[in-house]
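Q: Quick note on numbering: the UniProt record's numbering labels position 65 of the sequence shown as 65, and the sequence is numbered without any gaps.
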Amino acid sequence: MTSPPMSRCVIAADKEPALGMTATCPPFQFMSDPVLYQEKLLKPAVVLLEKRATQKEDKALRVLSLHALSNMALGAPMKVKQYRKVLLEKCLVPLREPSVTAEAMDALTKILAEL
Numbered sequence: 001m002t003s004p005p006m007s008r009c010v011i012a013a014d015k016e017p018a019l020g021m022t023a024t025c026p027p028f029q030f031m032s033d034p035v036l037y038q039e040k041l042l043k044p045a046v047v048l049l050e051k052r053a054t055q056k057e058d059k060a061l062r063v064l065s066l067h068a069l070s071n072m073a074l075g076a077p078m079k080v081k082q083y084r085k086v087l088l089e090k091c092l093v094p095l096r097e098p099s100v101t102a103e104a105m106d107a108l109t110k111i112l113a114e115l
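1. Tell me which same chain residues have a C-beta within less than 8 Å of the C-beta of Ala-113, skipping the five on either side of it?
2. Just reading off the alpha helix (DSSP H) that Arg-52 is part of, what are its end residues?
3. So, for Arg-52: in the same chain, excluding its five sequence neighbours on each side, which residues have a beta-carbon less than 6 Å away from its beta-carbon?
4. Can you tell me whether Lys-81 is helix, strand or coil according to DSSP?
5. Alpha carbon to alpha carbon, how far is Gln-55 from Lys-40?
6. Leaving out five residues before and five after Glu-89 in sequence, what residues of the same chain have Cβ atoms less than 8 Å from its Cβ?
7. If I measure Cβ to Cβ from Val-100 and keep anything under 6 Å in the same chain, skipping five residues before and after, which residues do I get?
8. On the three-state DSSP scale, how would you describe Glu-57?
9. Would you kindly work out how many angstroms separate the C-alpha atoms of residue 116 and Ala-104, rounded to a whole number?
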């Protein structure tokens, strides 16, 4: 099964949070897709992933959101400095929570390499 275009994922996640990035699009692929720049969807994608990385109810969603935010360092290294405050905050806070510590450390490693 192939994923729908990234622009549809961002729009779907904005209109229907239950679907969007978790059900229809693998969020970890998000930040390396060039369509985010072509259609100027990087900021909405970061905002949506930031919200999902801070929610407490679903551990899997937090892990995938952290993973997607960390992939920004790989797919959009020139934008890491622009979003550094959000990225670092979302990676540092989970370090105190045992359920997502490993993913937060991995994300922090990728992001710090670009700063």
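Cβ atoms here follow ideal geometry from the backbone N, Cα and C, with glycine treated the same way.
If you're wondering where the values come from, they're calculated on a predicted model, not measured in any experiment.
A: A quick look at the data gives this:
1. Ala-73
2. 42-54 is the extent of the alpha helix (DSSP H) around Arg-52.
3. Leu-61 and Ser-65
4. coil
5. One alpha carbon belongs to Gln-55, the other to Lys-40, and they sit about 25 Å apart.
6. There are no such residues.
7. Arg-62, Val-63 and Pro-94
8. coil
9. There is simply no residue 116 to check, as the chain begins at 1 and stops at 115 in what is shown.
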